[in-house]
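S.K.: Let me begin by handing over the structure; questions about it come next.
Residue numbers (this note's numbering): 1243 to 1433.
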């Protein structure tokens, strides 16, 4: 792997964090960039540290925190969640996670899970980056300052379809503002 896998660990146990640090220090492609003992500043830390993978003890998350984390991660194609399991957890609580690591798993299995999770991210990114022809048409009209309703009328599609294309464009480009999309369109000679 050419790029380091940046990991954030959210776990209150210093012993477990030290164990992960010891395991990952043996691999040049895995880097722990942040550790948190609770979820108090989790969202801010995800945004500032930009980890590829978050290994988190799911018992630290209440249902509202799970919803907020799920929404945040859905908008980040390059971040995956791994649940750290060392006690019984309701299977329904694990739905937001991409993978799980059992604390009793051997070192090789833990490393393999992390690498698989990262590998599936790279596949998603390469699959989803290129804009479709229709998304490109919508992007050009967004860059020209047209509203969703005006774009729908211009392309003879529903406003709902325009909004879906806009969400896909934002997801693929990572750009949320109209001004940013206009710059993107200019840079790629679409306008």
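All C-beta atoms in this analysis are idealised placements derived from N, C-alpha and C, irrespective of residue type, glycine included.
For the alpha helix (DSSP H) containing residue 1394, name the first residue and the last one.
M.R.: Note, residue 1394: alpha helix (DSSP H), 1390 to 1397.
S.K.: Between the stretch 1244 to 1255 and the stretch 1276 to 1285, do three or more beta carbon pairs fall short of 8 Å?
M.R.: In short, these stretches touch, since the Cβ pair count reaches three.
S.K.: Report the rounded CA-to-CA distance for residue 1385 versus residue 1341, giving the unit in angstroms.
M.R.: Cα to Cα, residue 1385 sits roughly 38 Å from residue 1341.
S.K.: Alpha carbon to alpha carbon, how far is residue 1410 from residue 1344?
M.R.: The straight-line gap from Cα to Cα measures roughly 35 Å.
S.K.: Less than 7 Å between the CB of residue 1266 and some heavy atom of the ligand ATP, yes or no?
M.R.: The model depicted lacks the ligand ATP and carries no ligand whatsoever.
S.K.: Report the three-state DSSP secondary structure of residue 1412 (helix, strand or coil).
M.R.: Looking at residue 1412 - three-state DSSP - the assignment turns out to be helix.
S.K.: Smallest Cα separation from residue 1304: which of 1290, 1332 and 1296?
M.R.: Per the Cα distances, 1332.
S.K.: In terms of residue numbering, what span does the alpha helix (DSSP H) encompassing residue 1267 cover?
M.R.: Taken as a continuous stretch (DSSP letters only), the alpha helix (DSSP H) holding residue 1267 covers 1256 to 1267.
S.K.: If you count every other CB in all the chains shown that lies within 10 Å of the CB of residue 1398, and 16 or more means buried, which is it?
M.R.: Its Cβ having fewer than 16 others within 10 Å, residue 1398 is exposed.
S.K.: What whole-angstrom Cβ distance do residue 1294 and residue 1249 have, given they're in contact under 8 Å?
M.R.: Contact holds; Cβ gap of about 7 Å.
S.K.: If we call anything under 8 Å between Cβ atoms a contact, is residue 1355 one with residue 1324?
M.R.: It is a contact, given that the beta carbons lie within the stated cut-off.
S.K.: Please state if the CB of residue 1433 and the CB of residue 1382 are separated by a distance shorter than 8 Å.
M.R.: The answer is yes: Cβ separation under 8 Å.
S.K.: Under DSSP, the alpha helix (DSSP H) around residue 1322 begins and ends at which residues?
M.R.: Careful: residue 1322 lies outside any alpha helix (DSSP H), inside the beta strand (DSSP E) at 1322 to 1327.
S.K.: Residue 1265 and residue 1349: beta carbons closer than 8 Å?
M.R.: The answer is yes: Cβ separation under 8 Å.
S.K.: Can you give me the Cβ contacts of residue 1346 inside the same chain, cut-off strictly under 8 Å, excluding the 5 residues immediately before and after it?
M.R.: These residues qualify, in order along the chain: 1328.
S.K.: So, helix, strand or coil for residue 1291, using DSSP?
M.R.: Helix, per DSSP.
S.K.: According to DSSP, which residues form a beta bridge with residue 1252?
M.R.: Looking at the DSSP assignment, residue 1252 forms a beta bridge with 1278 and 1298.
S.K.: Is residue 1412 closer than 8 Å to residue 1426 when the C-beta atoms are compared?
M.R.: No, the pair does not count as a contact, with Cβ atoms beyond the cut-off.
S.K.: Go ahead and pull the three-state DSSP assignment for residue 1273.
M.R.: Strand, per DSSP.
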